[in-house]
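Sequence positions in the sequence shown follow full-length UniProt numbering and run 1 to 616.
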Amino acid sequence: MSKTIRLTMAQAVAHFLKAQMTVVDGKKQPIFAGVWGIFGHGNVAGMGEALYQVRNDLPTLRAHNEQGMAHAAVAFAKASFRQRFMACTTSIGPGALNMITAAGVAHVNRLPVLFLPGDVFANRIPDPVLQQIENFGDGTVSVNDAFRCVSRYFDRITRPEQIIPALKRTMQVLTDPVDCGPVTLSLCQDVQAEAYDYPASLFDEKVWTHRRPRPDTDELASAIATLRKAERPLIIAGGGVLYSQATAELKAFAGMHGIPVAVTQAGKSALPDDHPLCMGSIGVTGTSAANAFAEEADVILAVGTRMQDFTTGSWALFKGEGVKMIGLNTVAFDAAKHDSQPLVADAREGLTLLSEALGGWKASASVEAAAKSRKQEWMAAVKKATAATNADLPSDAQVIGAVQRSIGGDNSVLVCAAGGLPGELHKLWQAHRPGGYHMEYGFSCMGYEIAGGLGVKLARPEADVVVMVGDGSYMMMNSELSTSIMLGQKLTIVVLDNRGYGCINRLQMATGGANFNNLLKDSMIEMMPDIDFRAHAESMGAVAVKVSSIADLETAIQQIKGNDRTSVIVIDTDPLVTTQEGGHWWDVAVPEVSPRPEVNKARSAYEKARAAQTVG
């Protein structure tokens, strides 16, 4: 009979997690960097006690907000290129539901994170318990069922032995390049405390390695044949290039075959912005250089990208006659989008094999010549948009320029998420090394920024982590600013205060809408808010300063480099100014009828723009 160990279900989870290992840069280390925990009655007795027992091998980190800690876990996985990840545990009810948004972030961005929410009593004897929401028509449902649509794998543990196959499946999903994403194990609180004789082998150390699927022979041959016929090829690099750690292969492929590269939000930094063939961002927030190549391309090699609407200009960007797409992706669902020729493979493997087969084939010299001139033209536009100014209210672009000049070196990581800043940063920020640009734009989740910055810092403690955040996102979630100080993880946070939701206000205006309910001054208010972000940050323990000019901003950034903890710089900005160069139309539905002439005019322009869309 095999050896067994008597443990509670929660103890089995904790001991299993600490035994899972991986190898990063030749060094074996735990694949779970730690567990974020906010305890309540649904997990404190079970998971809390279990995590205490393994605290020296599996650190437990305390946060101030469940959504915030989950964002930090998601950001950690992204900054680690999915090689390592974290878990999050909460009580039932609001604690669990607070993590749903972050689970959506992880799901959209294909990022591994383990959610361990407490659940109701499996035996149902004390029902309804505190925080339990009762479903009148289904006694098996709890709030945790909301995780189902944002989890790659969901399981409710109602008996202690069920955790054995659930944990094994969990690791398969978290480490699989295709299925990778959030896993939710919903832990009934009474079952967490129940003991079972678990097989000792469950807790044996196991090393997980990164699987690299190679392409199908026929798909590879088809992609090679298509590329050889290309006259105006373009590579679109997505986040999959970074997750695969295929940046060197991308650089070699582009150089060997003379193909320009455009990057998505998730793919930015896959190729250094100063590389002669890097045309920068593509699509709605794209550069003029990248979008010009996209519009005329006859073959597009899309590597590791979901080809979402911001990348494709809502499928109106690609105007080349008979343009063909090759989808190089580990996920067949993404590889075949919009009739692309699928090349289902790991990005590193796929690029290597494509390059070997293409041999000395190279795009026309005219392509590289066009890349050089278009890049020069775009960089002149960047220099103009980001130049220093004496304006009372600088633009986002001018703030970006100041931050870039002051702290945007090889050791910096720029973190952002939602609002107008992602568009400006996608166009203007110059990323120097893989992972130096960390943008959550798959879910465009306001409130991710500061918590995400903390996750990045935990993953890359040697880096200068710079968080740029608008006042709107700051107000939505700022509590993990205090957590960063508590954990001794220094962030540099630049708060751009445009007094409202400036990005959506501009979109509202562009679609013919009246200025309404976005900027604070256009909302229903009795008194205009006067929020002192400097004082607020300082009250949470940060070193904080408010500056009144771009020159003062650059000086402040230099001064805070010597600080020993998270530092916050606040600057007022203009909510209406945005970089006009580059960009592309985006499909945002405009009302078909309205009593307002501005809306009718916008609808007319909208219908005209839709005519350029490729359907299917």
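Where is the CB? At the ideal position from N, CA and C, for every residue including glycine. Note that the structure is a prediction, hence the values are computed from the model and not measured.
- Residue burial annotation: Phe293 is buried, with at least 16 other C-beta atoms found within 10 angstroms of its C-beta.
- According to DSSP, Gln53 shares a beta bridge with no other residue.
- Linking Asp392 to Pro434 through their CA atoms gives a straight-line distance of about 35 Å.
- DSSP places Gly34 outside any alpha helix (DSSP H); the residue lies instead in the beta strand (DSSP E), whose first and last residues are 32-37.
- Cβ neighbours of Ser444 within its own chain (closer than 6 Å, five residues either side excluded): Ala418.
- Under the DSSP assignment, Asp197 falls in the beta strand (DSSP E) whose first and last residues are 195-199.
- In terms of Cα proximity to Val568, the closest of Ile92, Ser482, His107, Thr389 is Ser482.
- In the same chain as Trp315, and ignoring 5 residues on each side of it, the C-beta atoms closer than 6 Å to its own belong to Gln613, Thr614, in chain order.
- Following the DSSP letters along the chain, one finds Gly470 inside the beta strand (DSSP E) bounded by residues 464-470.
- Between Asn498 and Asp574, the C-beta spacing is below 9 Å.
- Where Gly104 is concerned, the enclosing alpha helix (DSSP H) starts and stops at 100-108.
- In this structure, Asp339 is the residue among Gln265, Asp339, Ala510 with its C-alpha nearest to the C-alpha of Gly616.
- For Thr184, the closest of Val178, Thr175, Ala200, Ala166 by C-alpha to C-alpha distance is Ala166.
- If the five residues before and after Glu194 are omitted, its C-beta is found closer than 7 Å to the C-beta atoms of Thr8, Met9, Pro160, all from its own chain and listed in chain order.
- Taking the CA atoms as reference points, Thr579 sits about 20 Å from Asp309.
- Distances from the alpha-carbon of Gly327 to those of Leu496, Leu351, Lys319, Gly313 put Leu351 closest.
- In the structure shown, the three-state DSSP call for Tyr606 is helix.
- Rounded to the nearest whole angstrom, the CA to CA distance from Leu496 to Tyr606 is 31 Å.
- Under the 10 Å beta carbon count, Arg6 is surrounded by fewer than 16 other beta carbons and is classified as exposed.
- The straight-line gap separating the alpha-carbon atoms of Arg603 and Pro595 is approximately 12 Å.
- Below 8 Å, too few C-beta pairs join the region 92-101 and the region 51-58 to call them touching: fewer than three.
- Remark: fewer than three beta-carbon pairs, one from each stretch, lie closer than 8 Å, so the region 365-372 and the region 387-406 are not flagged as touching.
- The C-alpha of Val543 is placed about 18 Å away from the C-alpha of Ser406.
- The C-alpha of Gly283 is placed about 14 Å away from the C-alpha of Gly442.
- Counted as a single uninterrupted DSSP element, the beta strand (DSSP E) harbouring Tyr437 occupies residues 437-439.
- Listed in chain order, the beta strand (DSSP E) elements of length 3 or more contained wholly in the UniProt domain "Thiamine pyrophosphate enzyme central" (221-352) are 233-237, 261-263, 278-281, 299-303, 324-329, 341-344.
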